[in-house]
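A short write-up of the structure that comes next.
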Amino acid sequence: MSERAHVFPPPMERHYPVVDGRIQTRSLEAHIVDHCNLTCVECCSLSPLLPAWMVQPQALFDDLARVAKVIRPRVFKLVGGEPTLHPDLVALVEGVHRSGIAPAVSVTTNGLHLDRLPDAFWQAVDGLTISLYPRPRLRESAIASIESRARRFGVALNWKVQDHFVRMSRMPPSDDSVETGAIYHDCWLRERCHLIRDGMFYTCTRPAHMHTLHRGRTDFTADGVALHDGASLHDEIHDYLRRDTPLAACFHCHGGRAAMEPHRMMSRAERDAERARFA
Ligand code: SF4
Ligand code: SF4
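Residue 92 in full-length UniProt numbering is what sits at position 92 of the sequence shown, and the numbering runs on without skipping anything.
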């Protein structure tokens, strides 16, 4: 098995050239479920703290139809929560291909349920990023089976060893606009984690999940651009991607400056206590 260590921090990519009318980005992603079979502390998607949720396929396809006219990512990623828990995963991968948004579609997973997926999934997907945690550790037999199916169907594998996590969230949030402006300026996630969700485009994944976490009591949707069919969408997103002003979410986030700590799972009691803070 080839291991690819997480590169931290990666180089900035803020050029956003326009080719054939579409803004070129490294990637674009959709988080298709919020729940997960694991409870990693400091999950970037805040999955252990969020209610169970899954995207309706048509809602994702509608967002894709709009954004595909103006953005060309090198890869489109289906992420979660744990995306293999979505019952329509194969249809979602096929729908992303049909949209023409990107030349490749990948799924980011903890790998624990990959053995349940049918051959149709392996035929549809181009790549998998599989997180490897210290516990629960993916069994060697499961890794061998994944590698075998990937070879058979020509799927690229990106094994991501996750012995450490970054402590992304700032709780309580900061009110220091100078520090937050600097965090946003230096943040590599804002160009690597572009997200579409519920009719919005966000430069990173955090605002959408913070909006869910805060149950709408703090509104983070103004951190994104509303998708629409008008001719101005291209310029709205291009200007947004290059803006200097931090997001509201940045006041709740350490971004690329987050400290690393050993990976571990939340206990049920710990998770329930954290959830209760936002109930
Ligand atoms: S496996 Fe991924 S989505 Fe699930 S809790 Fe861990 S980091 Fe979050
Ligand atoms: S919320 Fe701000 S600091 Fe956090 S990842 Fe997004 S852009 Fe970076």
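Glycine residues also receive a C-beta, built at the ideal position from the N, C-alpha and C atoms.
If you measure between the beta carbons of residue i and residue j, is that distance less than 8 Å?
i, j, result
"G95", "F61", "yes"
"S145", "D115", "yes"
"D126", "V105", "yes"
"V107", "L138", "no"
"L78", "I32", "yes"
"S45", "T218", "no"
"L49", "R275", "yes"
"V70", "I196", "no"
"R22", "R72", "yes"
"residue 280", "A102", "The requested residue 280 is not part of the displayed model; the chain covers only 1 to 279."
"G80", "S131", "no"
"V41", "M266", "yes"
"A91", "P57", "yes"
Quick one: residues in its chain with C-beta nearer than 7 Å to the C-beta of residue i, no 5 flanking neighbours on either side, listed in chain order?
i, result
"A5", "With a pLDDT of 36 at A5, under the threshold of 50, the modelled position of this residue cannot be trusted, and the question is left open."
"G224", "M200, F201, Y202, P207"
"H15", "none"
Got a sec, what are the start and stop residues for the beta strand (DSSP E) residue i sits in?
i, result
"A156", "156–161"
"S27", "22–31"
"L64", "Here L64 belongs to no beta strand (DSSP E); instead the alpha helix (DSSP H) covers 57–67."
"R72", "71–79"
"V41", "Where V41 is concerned, there is no enclosing beta strand (DSSP E), given that its DSSP letter is neither H nor E."
"F251", "Per DSSP, F251 belongs to no beta strand (DSSP E) and is neither H nor E."
Please report how far the alpha carbon of residue i lies from the alpha carbon of residue j, in whole angstroms.
i, j, result
"R264", "S232", "45 Å"
"T39", "V166", "15 Å"
"P246", "P262", "29 Å"
"D34", "E82", "7 Å"
"H113", "T180", "38 Å"
"A279", "P51", "10 Å"
"E13", "V178", "23 Å"
"H214", "D163", "29 Å"
"G256", "A142", "32 Å"
"S27", "C36", "23 Å"
"D20", "Q123", "30 Å"
"H97", "R74", "13 Å"
"S148", "C187", "37 Å"
"L227", "T109", "27 Å"
"Y240", "R271", "35 Å"
"V7", "E191", "Unreliable positioning characterises V7 in this predicted model, as indicated by a pLDDT of 43, which lies under 50. A coordinate reading is not provided."
"A182", "D176", "10 Å"
"A258", "R152", "39 Å"
What does a CB cutoff of less than 6 Å around residue i pick up in its chain, not counting 5 residues either side in sequence?
i, result
"S2", "The pLDDT assigned to S2 is 36, lower than 50, so where the model puts this residue is not dependable, and the model offers no usable value."
"F220", "P207, M210, H211, A248, A249"
"Y184", "P246, C250"
"P17", "Q24"
"L157", "L128, A150"
"P173", "F251, H252"
For residue i, report the span of its alpha helix (DSSP H) as first-last.
i, result
"F278", "268–278"
"L233", "233–241"
"L189", "189–192"
"M89", "Residue identity check: residue 89 is Leu in the sequence provided, not Met. Looking at the DSSP string, the run of the alpha helix (DSSP H) that includes L89 is 89–99."
"T245", "Taken as a continuous stretch (DSSP letters only), T245 belongs to no alpha helix (DSSP H), as it is neither H nor E."
"T180", "177–186"
"E147", "140–153"
"A124", "119–124"
Spatial neighbours of residue i within its chain, please: C-beta separation below 8 Å, excluding the five flanking residues on both sides.
i, result
"R170", "F251, H252, C253, H254"
"G100", "A68"
Segments assigned beta strand (DSSP E), at least 3 residues, entirely inside the region 194–219 = 195–197, 200–202
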